[in-house]
Structures are given as structure tokens and as C-alpha cells.
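Residue numbers (the numbering used here), protein chains in the order written: chain A, 652 to 997; chain B, 652 to 997. Please read the structure below before turning to the comments.
There are 2 protein chains.
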Amino acid sequence: MKATFMYGAGDVRVETVPDPILKETTDAIVRVVRACVCGSDLHPYHSMPHSESGNPMGHELIGVVEEIGSAVSTLRKGDFVVAPFAFSDNTCSFCRDGFQTACIHGGWYGNPENGGLQAELARIPQADGSLVVVPGIDESSELLPSLLSLSDVYLTGYHAAHMARVEPGKTVTVIGDGAVGLSAVLAAQQLGAEQIILMGRHRSRTDLGREFGATDVVAERGAGGIAQVLELTRGEGSHIVLEAVGLMPAYEQSFGIVRPGGVISRVGVPQYEDAPIGFGSLFGKNATLTGGPAPVRAYLEAAIQQVLNGEINPGRVFDRTVTIDQVPEAYAAMDAREALKVQIAL
Amino acid sequence: MKATFMYGAGDVRVETVPDPILKETTDAIVRVVRACVCGSDLHPYHSMPHSESGNPMGHELIGVVEEIGSAVSTLRKGDFVVAPFAFSDNTCSFCRDGFQTACIHGGWYGNPENGGLQAELARIPQADGSLVVVPGIDESSELLPSLLSLSDVYLTGYHAAHMARVEPGKTVTVIGDGAVGLSAVLAAQQLGAEQIILMGRHRSRTDLGREFGATDVVAERGAGGIAQVLELTRGEGSHIVLEAVGLMPAYEQSFGIVRPGGVISRVGVPQYEDAPIGFGSLFGKNATLTGGPAPVRAYLEAAIQQVLNGEINPGRVFDRTVTIDQVPEAYAAMDAREALKVQIAL
């Protein structure tokens with residue numbers, strides 16, 4: 652099969668490798684129908700040291716079950732499935748809490764052990780726990796982009812809003828106009844936010860943000876951006892800040908605009924470890940900090956229904972489609988911000 | 652009147668100064684019946700640079716209203732009142748949210764502008780918003796220590812538990828066996844926590860913690876303490892951590908023991924600004940960080956009723972009583988850990 656590997660910063664290659672095989676009785680093999688490139692894939696695209704062996708890439712897919720291990724009981728060959736970006740048994744204590752990204756039998760794709768999902772075939776560990784069947788869908792459906800978005804991007808935005816307990820009457824500010832930020836706007840709108848301020852500078856993206864529900868757009872960053880959000884909130888600040896970037900300036904922006912007693916919810920993977928949380932940032936105004944890797948699995952059934960019912964169309968974040976051979980171009984286009992998010996049609 | 656001033660580290664003096672007078676029409680003058688020394692008063696006791704003029708000390712009191720400004724409508728001379736450690740109008744947008752420590756007309760005691768409450772008399776700004784009347788109490792009541800504890804210490808512990816949403820079925824670990832930590836144990840018990848692990852090394856204090864509801868006591872700190880809490884929680888960690896210390900090792904302990912998806916709630920004033928919050932500490936396990944200066948005012952009516960009904964006896968944290976002239980000895984005794992918390996009877 653063809654699969655995507657990264658050999659270092661800026662060096663993405665599609666290569667022919669042996670097809671994956673079942674390793675555990677709980678595995679399934681899925682033929683990939685759509686995969687995509689994630690904003691988080693751009694971090695190693697900027698900084699990965701050269702590797703002789705290359706690292707398999709990709710953690711998002713929808714596809715069709717080709718083969719199941721002997722212990723898999725809820726799936727059949729031919730099922731159309733969504734795979735969350737992390738696998739999980741969906742039965743352990745943490746999974747039952749709704750935090751499947753902390754599953755004791757769970758793990759991540761995009762490493763030599765589990766392979767990557769920007770490929771023609773994928774081995775999915777803990778298949779019963781991880782894969783969710785989409786009924787009545789075939790490969791020609793117009794819903795494929797939205798279903799693909801449930802593998803990570805939309806439900807990562809949703810996780811930010813869920814952890815922050817967005818509800819009617821709340822002002823929500825979303826930092827970042829990437830695909831996750833726009834997804835967070837849509838999720839905040841779905842949860843009934845009264846005012847949704849989108850902080851972003853790319854007009855085509857913030858325009859989609861407005862269609863997703865943003866009531867205000869603030870292009871400025873730093874002190875000027877903070878001042879504008881305060882002005883839009885009667886000087887009081889935003890009840891909720893959804894931080895979808897992961898860089899320190901976005902975090903600093905967050906505690907600058909959060910209202911006393913408010914919530915900052917992060918889903919951009921932090922590219923820092925230490926940050927201000929003392930009296931002058933979080934503590935003094937009783938701000939809450941939450942968020943983390945989205946337990947997509949917890950939200951997947953409900954979101955699939957919303958897509959099938961036409962209630963949400965989160966797949967609009969995909970603005971380009973490539974073949975598997977064109978994946979290196981997809982990385983380059985997203986890195987150059989020529990594309991918001993690129994799907995791979997197989 | 653006599654009032655307490657700090658002139659530098661270790662240098663506390665009780666001096667005779669002019670009685671406070673009404674400055675604003677919204678002020679009240681209160682004759683202090685009981686005041687006390689706070690754990691947070693020990694921070695300047697360790698580190699305050701020498702001051703020629705001295706700094707007024709104290710932010711906790713119960714007392715009797717002596718005089719009211721012309722705009723005060725809910726209080727009368729002779730009312731027995733509890734004063735929260737911060738004053739607030741209790742009507743602004745943040746107060747209505749339940750975060751009176753962020754009141755736009757609020758502020759703090761223990762500074763030249765507002766004076767200190769370790770004194771015979773006190774000027775209370777925003778008296779209508781700040782002071783809560785205790786019905787049917789006189790100065791001989793045995794409930795005075797518990798009522799005094801509602802000015803700060805018990806309701807600070809309660810705030811930690813409230814912000815962390817302690818509820819039946821949850822495991823709660825309290826870090827710190829000072830008066831706030833023990834109060835947090837009592838609050839967690841009141842809110843129905845299933846298991847309450849108290850981390851502290853002072854036997855007389857942890858014994859009171861057990862009486863307040865702690866089911867387990869862990870004396871060890873650092874990696875050993877973390878291992879013990881994990882063992883007590885089937886290796887899963889604590890749903891909720893209430894951090895009542897404010898020093899970095901206590902925070903590091905917190906993210907070491909919190910369960911994935913769990914909550915760390917801080918009420919010990921952080922003696923640091925930057926701290927770990929990235930993938931390796933909070934983000935990776937979707938831990939939530941919350942807490943801040945307790946909006947005591949939000950919880951005061953309900954807690955007064957609990958004290959009057961005999962449901963709670965949080966005043967047990969006071970293990971010594973001094974006169975106003977003995978306040979310097981109170982600081983020394985708390986600093987030497989000879990006393991847990993000292994009340995001043997006037």
C-alpha cells in the first residue's frame with residue numbers, strides 16, 4: 652500500500668510499504684476512504700530532525716472495515732466507520748469518565764508501532780472501542796468531509812466548548828482561525844453561546860467563522876486585540892475563551908480577555924510547558940484553565956447523527972482535496988496557508 | 652484604638668492610633684468582637700522589607716455595627732455581623748456571578764487606605780454589600796469561633812471544594828494541613844465526597860482533619876506522597892485535588908496525583924507566577940485548574956445558617972485565643988507551628 656512518511660522538517664514522502672496486518676485479536680484493518688492533514692502535523696513539518704527511517708504520518712480517517720480480529724464483536728467487513736484520532740478500549744475507568752484519550756489500553760497513531768492514517772490501509776487497535784459505524788453511507792456521499800471532520804478537527808473544537816461548559820447566555824471568544832478554531836466556533840454556536848468573538852486575521856477563514864456562528868471578528872493581536880475584546884464585552888471580558896492555537900502568545904491573550912470567574916479551554920497542543928498561572932494571570936480573577944487532547948470517541952455517536960441529519964456541516968473546513976500521491980503538496984499548501992485543511996481522497 | 656501593624660519581617664506591633672471614621676456614605680464602623688491571624692499574614696512575616704510607617708494587618712472579623720454612613724440601608728447600630736475578608740458592593744456584574752472578590756467597587760484590607768482588621772475598630776467600605784447580619788447572637792455565644800471562621804478560612808476551604816464541584820462519589824485529596832486545608836476537608840465532607848485523603852505531616856492537625864471527614868492521611872511528600880495517593884485510588888489518581896498551600900511543591904504534587912479529567916482547585920495564594928501547564932502536567936491528561944481568592948460573600952448566608960443550626964463547627968481550627976496586646980505572640984506561635992490558628996478576643 653501507499654503510506655505517508657516524514658523524514659524531517661519539510662520532507663514528506665509517499666512510499667509503497669507492506670500492507671498492515673492484524674497484530675492483536677482486538678485489531679481491525681480499515682481501507683481508508685478519506686484521510687487528512689492536521690494542523691498538529693505542521694509542528695514536525697517545521698522542526699523534525701532528519702530521520703533515516705522516516706515517521707509514519709496521519710491520525711484521521713473514515714473508511715471501510717476490511718478485516719477484523721477474532722475478538723472484535725461489534726464490527727463486520729464492509730462497515731463504514733469513523734476512527735477517532737486516538738484509539739481506546741472505551742470500557743476502562745477513564746473511558747467511562749468520558750476521557751478516552753487517557754484510556755489504559757489506548758494510544759496514538761503516527762508512530763512506528765501503530766503506523767499513520769495518511770495511507771491506503773490502516774491497522775486500528777482496540778477496534779470495538781475505537782471505531783464507530785456510520786449507517787447508510789457509501790463512498791459517494793456528500794457527507795464524507797463532515798464525517799471525516801469528526802475524526803479530529805470538529806470534535807476537538809467541540810471538546811474545547813464542552814470542557815468550558817458553553818451554554819446559552821455566555822460570551823465565547825475563540826482564539827485562532829485555523830480549522831480547529833473555526834470548529835470551536837461552530838461547536839459554541841451549537842451549544843447556544845450568545846456572543847461568539849473570533850480572533851483571527853485571515854479574511855477567508857473568518858468569513859467561514861461568521862457562517863459557523865461568529866458574531867464578531869477581531870483581527871488584531873496582543874494588547875490591541877485584548878482591548879477590542881474587552882470593548883466588545885462591556886469592559887468585563889469573555890466568560891469563556893477557547894484557545895485553538897497552542898502557542899504562548901495565544902495563552903497570554905487568553906488570560907488577558909477572560910472575565911473574572913471565567914474559563915480558558917485549550918485544545919491547541921501547547922508548544923510550551925511553563926506559563927503564568929499565579930495571582931497576576933489566572934488566580935487573582937478566579938479563572939479556570941481546562942482542556943486537553945479531545946476524547947473524540949465520547950462525542951462521536953451524537954455528532955454522527957447531527958451530520959446525518961444535516962444539523963451541522965463541519966466538513967466545510969476542508970477547502971482542498973488531493974490524492975495520496977499529492978500528500979506532500981497538501982502539507983506545503985497548509986504550511987503556506989494556501990489551504991485551510993486538506994483532505995486526501997483514496 | 653489599638654491596632655496591629657507590621658514593620659518588617661518578624662516585627663509586629665500593636666499601637667494606639669486614632670479611631671477610624673466614616674469616609675464614604677456607604678461605610679460602616681464595626682467594633683471588633685473577634686479577629687484572627689491568617690496563614691497568608693505569615694508571608695510578609697517572613698519576607699516584608701523594613702517599613703518606617705508600618706502596614707496595618709488583618710482581614711478577618713466578627714463584630715457589632717457601631718455607626719453607619721448615610722447611604723447604608725440594610726444595617727443598624729448594634730447588628731452582629733460577619734465581614735468577608737474582601738469588601739464588595741454585592742450588586743455589580745461580577746458579584747452577581749458569585750465572584751465578589753472581583754467586585755468593581757471592591758477591595759482588600761491590610762493596607763493604609765482601608766486599614767487592618769486586627770484592631771479594636773474597623774471601617775468597612777461597601778457595608779451593605781459586605782456585612783452579613785447574624786441574627787440572635789451575642790458576644791457570649793459559643794459559636795463565635797465558627798462565625799469568625801466564615802470571614803475567611805472555612806469559606807476559603809469551601810471555595811476550593813465548590814470550584815472543583817465536589818459531589819458524592821468523588822475522591823478528594825487535600826494538600827496542606829493548615830487551617831485552610833482542614834477547612835477544605837470539612838467542606839468536601841459537607842459536599843458529599845466519598846473518599847477524602849489529607850496530605851499533611853502534623854499529627855494534631857491531621858487528627859482534626861479526620862474528625863472533619865478525612866478518610867485517609869498521607870504524611871509523605873514528593874514522589875513518595877504521590878505514590879501513596881495513587882495506591883489509595885487504585886492507581887487512577889484523585890478526581891479532585893484541593894491545594895491549600897500556595898507553594899510550588901504543593902502544585903507539583905497536585906498534577907502528580909490528579910486523575911485524567913480531574914480538577915485541581917487552588918486556594919493557597921500562589922507564591923509563584925510561572926508553573927508547568929503543558930502536555931506533561933495538565934494538558935495531556937485533560938486536568939482542569941481552578942480556584943482563586945474566595946468570594947466568601949457568596950457563601951456567607953448559607954454557612955451562617957449551618958453554624959447556627961450546629962451542622963458544622965469550623966471554628967475548631969482555632970486552638971489559641973489572645974488579647975489584642977498579645978497579637979505579636981499570636982504571629983510567633985503560628986509561625987513556629989505551636990498554634991494552628993489564633994483568634995483575638997476583644
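All residues carry an ideal CB built from backbone N, CA and C; glycine is no exception. Since we're looking at a predicted model, the values are computed, not measured.
- The C-beta of tyrosine 923 of chain A comes closer than 9 Å to at least one C-beta of chain B.
- Residue nearest to glycine 661 of chain A within the set A:Asp867, A:Val831, A:Ala990 and A:Pro695 is A:Pro695 (criterion: CA-CA distance).
- Using a Cβ-Cβ distance cut-off of 8 Å, the stretch 920-935 of chain A and the stretch 778-794 of chain A are not in contact, since fewer than three pairs of beta carbons, one from each stretch, lie closer than that value.
- Along the stretch 873-889 of chain B, the positions whose C-beta sits under 7 Å from a C-beta of chain A are Glu887, read in chain order.
- No residue range can be given for tyrosine 760 of chain A, since it is assigned to no alpha helix (DSSP H) and is classified by DSSP as neither H nor E.
- The Cβ of isoleucine 719 of chain B sits no closer than 9 Å to any Cβ of chain A.
- Per DSSP, reduced to three states, the secondary structure at isoleucine 975 of chain B is helical.
- Under DSSP, no beta-bridge partner is assigned to glutamine 751 of chain A.
- Contact of valine 823 of chain B with chain A by beta-carbon distance below 9 Å is absent, the smallest such distance being about 16 Å.
- Nearest Cα to methionine 899 of chain A within the set A:Ile826, A:Ala949 and A:Tyr760: A:Ile826.
- Only buried fits asparagine 741 of chain B, as 16 or more other CB atoms lie within 10 angstroms of its CB.
- Annotation for methionine 814 of chain B: Ser916, Thr941 and Gly942 place their beta carbon closer than 7 Å to its own, counting only its chain and skipping 5 residues before and after.
- The Cβ-Cβ distance between proline 965 of chain B and serine 800 of chain B falls below 9 Å.
- Of all residues in the stretch 930-948 of chain A, only Phe930, Gly931, Ser932, Leu933, Phe934, Gly935, Lys936, Asn937, Ala938, Thr939, Leu940, Thr941, Gly942, Gly943, Pro944 and Pro946 place a beta-carbon less than 8 Å from a beta-carbon of chain B.
- Using a C-beta cut-off of 8 Å, the stretch 660-674 of chain A makes no contact with the stretch 952-960 of chain A, since fewer than three inter-stretch Cβ pairs fall below that distance.
- Not a single C-beta of chain B is nearer than 9 Å to the C-beta of glycine 961 of chain A.
- Among the CB atoms of chain A, one or more fall inside 9 Å of the CB of proline 927 of chain B.
- Beta-bridge analysis with DSSP links glutamine 846 of chain A to A:Thr822.
- Cβ contact annotation for glutamine 840 of chain A (same chain, cutoff 7 Å, sequence separation greater than five): Ile847, Phe863 and Gly864, in chain order.
- Residue nearest to aspartate 730 of chain B within the set B:Gly873, B:Leu883, B:Ile877 and B:Glu790 is B:Glu790 (criterion: CA-CA distance).
- C-alpha of leucine 833 of chain B to C-alpha of serine 855 of chain B: approximately 11 Å in a straight line.
- Pairwise C-beta distances place the stretch 762-773 of chain B in contact with the stretch 686-706 of chain B, as three or more of them are shorter than 8 Å.
- For alanine 753 of chain A, at least one C-beta of chain B is nearer than 9 Å to its own C-beta.
- The three-state reading of DSSP puts cysteine 746 of chain A in helix, counting H, G and I together.
- Remark: fewer than three beta-carbon pairs, one from each stretch, lie closer than 8 Å, so the stretch 802-816 of chain A and the stretch 754-763 of chain A are not flagged as touching.
- If you draw a straight line from the Cα of glutamate 718 of chain A to the Cα of asparagine 765 of chain A, it is about 16 Å long.
- For arginine 682 of chain B, the enclosing beta strand (DSSP E) stretches over residues 679-687.
- Proline 911 of chain B counts as buried, since no fewer than 16 other beta carbons sit within 10 angstroms of its beta carbon.
- Counting only residues of its own chain and dropping the five nearest sequence neighbours on each side, histidine 701 of chain A has a CB closer than 7 Å to the CB of Tyr658 and Gly659.
- In this structure, A:Pro944 is the residue among A:Thr939, A:Gly888 and A:Pro944 with its C-alpha nearest to the C-alpha of tyrosine 809 of chain A.
- Residues of chain A whose Cβ lies closer than 7 Å to the Cβ of aspartate 748 of chain B are, in chain order, Gly912.
- At a cut-off of 9 Å between beta-carbon atoms, phenylalanine 906 of chain B makes no contact with chain A.
- Per DSSP, the continuous alpha helix (DSSP H) segment holding valine 958 of chain B begins and ends at 947-959.
- Taking C-beta separations shorter than 7 Å and ignoring five residues to either side along the sequence, the partners of proline 776 of chain A in its chain run Glu675, Thr677, Asp678, Phe738, Gly758 and Asn765, following chain order.
- Leaving aside the five residues that flank histidine 890 of chain B on each side, the residues in its chain whose CB is nearer than 6 Å to its CB run, in chain order, Lys821, Thr822, Arg910 and Gly913.
- DSSP places leucine 772 of chain A in the strand class (E or B) of the three-state scheme.
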